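Per the numbering used here: the sequence shown = residues 1 to 426. Think of the CB as a built atom: it goes at the ideal place given N, C-alpha and C, for glycine as much as any other residue. It should be emphasised that the depicted structure is a prediction, and the values quoted were computed from it without experimental measurement.
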Amino acid sequence: MVTQRTEGYPVLIIGAGRGGSALLEMFLEDSLVRVVGIADSNPDAHGIQLAKDRGIPTYGDAVKALQACKDYPDCIVYNLSHDDAIAEEAYKVFGDRRVASGPEVKLFWQMVTNLKQIKVDLEKSQDQLQSVISNVMDGIITINESGLIQGFNPAAEDIFGYSQQEALGKNVNMLMPEPHHSLHDTYIDRYLHTGQASILGIRGRETSAIKKNGEEFPMEISISEMVLGGHRYFIGIVRDITERKKAEQKIAHLAHYDYLTDLPNRALMLDVLDHSVALAKRNKHKVAVLFIDLDGFKNINDTLGHDAGDLLLKGVSGRLRQTIRGSDTVARVGGDEFIVVLDNVGSDRNAALVADKIIMSLTEAFDLKGTSSFIGASIGISLYPDDEKDSIKLIKLADEAMYLAKQSGKNTYRFSREVAAVRQGD
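What follows is the structure in structure tokens.
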């Protein structure tokens, strides 16, 4: 007698109907079991066809199947037919009770069927979860206790520029700029030894990350912890917030800058003036406020249209920027009204020189859609601390001086003290 050797425990299945077929399918996926044969009187039974497809010997007669498998040591026979005589034949062939049949096989079959359904449901759940992970817009990165990447979904690939193959097994610090790149392993070690975490469980924490091409970008991240199979993992949900940051910066800019000329608006100018006054008070300096109103703007706006008026305002703002020092500030505070804040102006004369430069800079014609247009400027000047120490009052005094300049023939400047002199003269 030649003893047959197999890789896996040898099994013979009698009956290839629903139960035998389910049993065969389960054993085919288990490396610990090798099906050495299946028998059924119906050649079209599902289990027979499946066995043929997988190269497993099939038999139309149970007794022949038993005889064919008798040389396999420790062969177990599962009798899923309803013929109790087969069990007796198996006892004759193998000489001991290695046959599972009757109620025990029915119970085993039910258990196999239930396990198969559980397996199907689990696979379905896993497929659904994997589909969500693969299609979610946020990046999902899983790392182990050593900081090595174990999961890297398609969104993470898009965000960082690495393929999943490039990322898996690598230290997650490759996605971090300094100093986090060098310190990340220390963060994990400290948490594992002390339980103290600075970012674990915090939703929407903003930080910086780095792409494969070296580009640094703002990122929002939420990190949670998971224990699976006795091993600890950390899951990061990441989102590239570059566009959001740009939008926030744009909104913040619009809150402080004029939409047309991109000059500081009234709110920002007031902050600047308050700061300039505080600095001048500390250093015993002077600050000059120049209130500018354009002469002839309304006529251009009415005759050439608002588009031409907008072009003119942009042109004026450009010339004003070029006229003042980098340490000074020019702001648009109304339709055709501008304010210039001169820090550490030194003397009244210096403020007057700047006013003269502004008037001269505006004398050259402006090209408005092919039409040469000319304007002037009436300027009122007030000084800290000579005229007033309060920012709002300094602006009011400069505004009054500007109206005096207009009454004096336009395209000129006047100091606020001249307004007081005129009033006293009245």
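Original post:
Per DSSP, MET219 is paired with what?
Top reply: THR207, ASP240
**OP:** Answer with buried or exposed for MET137, where buried requires no fewer than 16 other C-beta atoms within 10 angstroms of its C-beta.
**Re:** exposed
Original post:
Is the distance from the Cβ of LEU273 to the Cβ of VAL341 below 7 Å?
Top reply: In this structure, LEU273 places its C-beta atom within 7 Å of the C-beta atom of VAL341.
Original post:
Under three-state DSSP, which class holds ASN153?
Top reply: coil
**OP:** From the DSSP output, read off the bridge partner residues of LEU290.
**Re:** VAL340, ILE381
**OP:** Determine contact between the region 318–328 and the region 240–258, defined as no fewer than three beta-carbon pairs at a distance below 8 Å.
**Re:** Contact between the region 318–328 and the region 240–258 is absent, because fewer than three Cβ pairs lie under 8 Å.
Subject >> Cutoff 6 Å; reference ALA51; Cβ partners in own chain excluding five residues on either side >> reply: ILE38, THR58
Original post:
Hey, would you say LEU404 sits closer than 7 Å to SER382, going by beta carbons?
Top reply: No, the Cβ-Cβ distance between LEU404 and SER382 is not below 7 Å.
Subject >> Nearest candidate by alpha-carbon position, reference PHE366, set MET360, ILE375, ILE359, ILE358 >> reply: ILE375
Original post:
In whole angstroms, what separates the C-alpha of GLY123 from that of LYS116?
Top reply: Just to set this straight, residue 123 is Glu in the shown sequence, not Gly. Taking the straight line from one Cα to the other gives about 10 Å.
Subject >> Beta carbon of LYS454 nearer than 7 Å to that of THR261 >> reply: Residue numbering for the chain in the displayed model covers 1 to 426; residue 454 lies beyond these limits and cannot be assessed.
Subject >> Cβ neighbour criterion (16 or more within 10 Å) applied to VAL2 >> reply: Its pLDDT being 48, under 50, VAL2 is placed unreliably by the model, and nothing is read from it.
Original post:
Taking the runs of the alpha helix (DSSP H) that are 4 residues or longer, which of them lie wholly in the region 143–187?
Top reply: 154–160, 164–167
Subject >> Nearest neighbour of VAL316, chosen from ARG349, ALA278, ILE358, ARG414 [CA to CA] >> reply: ILE358
Original post:
THR371 by DSSP, collapsed to three states: which one?
Top reply: strand
Subject >> Burial state of SER391, where buried means 16 or more other Cβ atoms lie within 10 Å >> reply: buried
Original post:
In angstroms, rounded to a whole number, what distance separates the CA positions of SER276 and ILE379?
Top reply: 20 Å
Original post:
Taking the C-alpha atoms as reference points, what is the distance between LEU311 and TYR259?
Top reply: Between LEU311 and TYR259, the C-alpha separation is close to 13 Å.
Subject >> Residue nearest to ASN411 in terms of C-alpha spacing, selected from ALA308, ASP293, ILE339, ASN301 >> reply: ASP293
**OP:** Decide if the region 76–85 is in contact with the region 12–26; the criterion is three or more beta carbon pairs, one per stretch, under 8 Å apart.
**Re:** Touching, yes.
**OP:** Would you mind giving the Cβ-Cβ distance between ALA401 and ALA351, rounded to the nearest angstrom? I have them listed as a contact below 8 Å.
**Re:** Incorrect: roughly 11 Å between the Cβ atoms, too far for contact.
Subject >> THR323 (DSSP reduced to helix, strand or coil) >> reply: helix
Original post:
Beta carbon of ASN114, beta carbon of GLY147: below 7 Å?
Top reply: no
Original post:
Where does HIS82 fall in DSSP's three states?
Top reply: coil
Original post:
With distances taken from CA atoms, which of SER347, VAL422, ALA247 is nearest ASP386?
Top reply: SER347
Original post:
In chain order, what residues of the same chain lie with their CB nearer than 6 Å to the CB of GLU220, ignoring the 5 residues before and after it?
Top reply: GLY204, GLU206, ARG239, ILE241
Original post:
With DSSP run on the structure shown, which of helix, strand or coil describes HIS46?
Top reply: helix
Subject >> Same chain, Cβ closer than 7 Å to GLY318, neighbours up to 5 away in sequence not counted >> reply: Leaving aside the five residues that flank GLY318 on each side, none in its chain has a CB nearer than 7 Å to its CB.
**OP:** Please report how far the alpha carbon of PHE415 lies from the alpha carbon of GLN407, in whole angstroms.
**Re:** 13 Å
**OP:** Using three-state DSSP, classify ILE437 as helix, strand or coil.
**Re:** Because the chain here runs from 1 to 426, residue 437 falls outside it and cannot be looked at.
Subject >> Beta-carbon proximity list for ALA308, same chain, < 8 Å, skipping 5 on both sides >> reply: ILE300, ASN301, LEU368, LYS369, THR371, SER373
Original post:
Does the Cβ-Cβ distance between ILE339 and PHE291 come in under 7 Å?
Top reply: yes
Subject >> Bridge partner(s) assigned by DSSP for TYR257 >> reply: PRO264
Subject >> Element boundaries [beta strand (DSSP E), containing LEU394] >> reply: Not the beta strand (DSSP E): LEU394 falls in the alpha helix (DSSP H), residues 391–407.
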